[in-house]
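Below you'll find the structure, written out as structure tokens, and then a few comments.
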Amino acid sequence: MKCSVFAPSHITGFFEIVDHQQPLKRGSCGAGVAMDTGVVTKLQIIDKEYEEGFRTDVKINGVYDAKNATITFKTLELMEKNFNISSIICDRTILVDHEMEVPIGAGYGTSAACALGTALAIAKILELDITFNNAASMAHLAEIEMKSGLGDVVAEVNGGITFRLKEGAPGVAVTDKMILADDLYVISKSLGGIETSKIIGDPTHKKRINTTGRYMLKELLKNPDPETFLKLSKKFAMETGLLNSEVMDLIKILEDETLGASMAMLGNTAFALSKTPDTSIKGAMISKIDSDGCKFL
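Sequential numbering from 4 applies to the sequence shown in this note's numbering.
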């Protein structure tokens, strides 16, 4: 039994953290862009028996990676808790391989993509009596519990330049998306990662983020175009104090070549939207906007 799922990577431009006692209703409001480079999750169940329930082997780009596999294990743990998948899998083994097309931990929403691919693939293989959003909400719960993200799951389900109007998991959150007049490229360059949990779990950062991000979505909805999105995103990056000088240097170069640029939330990564794939930045990643969202392959 095999299944493959593609989840687009997602860069958040600005956001506001919204808490709630119920994890499915916790998340973030804000805006971001989904890309056609992302994560392909290949999942299969084989008849290799394991002594105590089912076993899971997780690889990332064909290699065991204990640190970045934790979101996958958490997702399967939640699938078991909510849907009792062990009663169907029995003593067989789950093999998961995430093929990453973007850097890990650098603001591209890879943990959400891995969680989505895992939840949706296992739901399809086992023919669980649940909906797409039921399965995807387990990915959101995994992100919340691991403190690895707040709004990437729902944005990767939606695709495009997504407005997260109301926080929460798929089926709970309210989203909209930008109507684009042109096919745009996403140009990005990462200088490394930022530990998401250290930012969203820190009271000082959280206060600064929410104070800055609270009004920006309303401003974007007044002029829902790429330039306004990028302008507000850069303002958010600067006013929250999350932007460092190295990423700012990349942003300045990209601003001269594109429709505008900012910092990916949360990663030491600069990104821009452009009508052409051209850039003078060496080693930049060139993607197109993914309008469809997460899908089975």
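Just so it is clear, CB atoms sit at the ideal spot from N, CA and C, and this is done for glycine as well. Note that the structure is a prediction, hence the values are computed from the model and not measured.
Is the beta carbon of Asn213 less than 8 Å from the beta carbon of Glu83? Translated into the one-based positions of the sequence shown, residue 213 becomes position 210. Translated into the one-based positions of the sequence shown, residue 83 becomes position 80. No, these two residues do not count as a Cβ contact at 8 Å.
Examine chain D for any beta-carbon lying closer than 8 Å to the beta-carbon of Leu194, and answer yes or no. This model lacks chain D altogether, as it is built from one protein chain only.
For Cys32, three-class secondary structure by DSSP: Translated into positions along the sequence shown, residue 32 becomes position 29. Note: Cys32 maps to strand in three-state DSSP.
Grouping DSSP H, G and I as helix and E and B as strand, with all else coil, what is Cys6? As a position in the sequence shown, residue 6 is number 3, starting the count at 1. DSSP places Cys6 in strand when its eight states are reduced to three.
Give the range of the alpha helix (DSSP H) segment to which Ile97 is assigned. Mapped onto the sequence shown, residue 97 falls at position 94. Here Ile97 belongs to no alpha helix (DSSP H); instead the beta strand (DSSP E) covers Thr96 to Met103.
Residues in the same chain with beta-carbon distance under 6 Å from Asp293, minus the five sequence neighbours each way, listed in chain order, please. Within the sequence shown, numbered from 1, the residue matching residue 293 stands at position 290. Excluding positions up to five away in sequence, the list reads Pro11, Ala37, Met38, Asp39 and Gly162.
Range of the contiguous alpha helix (DSSP H) that encloses Ser236: Locating residue 236 in the sequence shown gives position 233, counting from the first residue. Run containing Ser236: Pro229 to Glu242, per the alpha helix (DSSP H) assignment.
In whole angstroms, what is the alpha-carbon distance linking Phe76 and Thr59? The residue you call residue 76 lines up with position 73 of the sequence shown. The residue you call residue 59 lines up with position 56 of the sequence shown. Straight-line Cα distance between these residues: approximately 8 Å.
Where does Pro229 land, buried or exposed, given buried means 16+ other C-beta within 10 angstroms? Taking the sequence shown and counting its residues from 1, the one referred to as residue 229 is at position 226. By the neighbour-count rule (16 or more Cβ atoms within 10 Å), Pro229 is buried.
Quick one: is Phe232 buried, meaning 16 or more other Cβ sit within 10 Å of its Cβ, or exposed? Reading the sequence shown from its first residue, position 229 is the one you call residue 232. Its Cβ being crowded by 16 or more others within 10 Å, Phe232 is buried.
With DSSP run on the structure shown, which of helix, strand or coil describes Arg211? Translated into positions along the sequence shown, residue 211 becomes position 208. Note: Arg211 maps to helix in three-state DSSP.
Apply the 10 Å Cβ neighbour rule to Val250 and answer buried if 16 or more other Cβ atoms are within range, or exposed otherwise. Taking the sequence shown and counting its residues from 1, the one referred to as residue 250 is at position 247. The residue is buried, with at least 16 neighbouring Cβ atoms inside 10 Å.
How is the alpha helix (DSSP H) around Gly120 delimited, first residue to last? Position 117 of the sequence shown, counted from the start, is the residue given in the question as residue 120. Segment Thr113 to Ile128, the alpha helix (DSSP H) holding Gly120.
From what residue to what residue does the beta strand (DSSP E) around Asp60 run? Translated into positions along the sequence shown, residue 60 becomes position 57. Unbroken beta strand (DSSP E) run through Asp60: Arg58 to Ile63.
Assuming Leu257 and Ile190 make a contact with CB atoms under 8 Å, what is their CB distance in whole Å? For the purposes of this step, residue 257 is taken as the residue at position 254 of the sequence shown. For the purposes of this step, residue 190 is taken as the residue at position 187 of the sequence shown. Confirmed, about 6 Å.
What do you get for Pro173, buried or exposed, if any count of 16 or more other CB atoms within 10 angstroms of its CB means buried? One-based indexing of the sequence shown puts residue 173 at position 170. Buried, by the Cβ-count rule.
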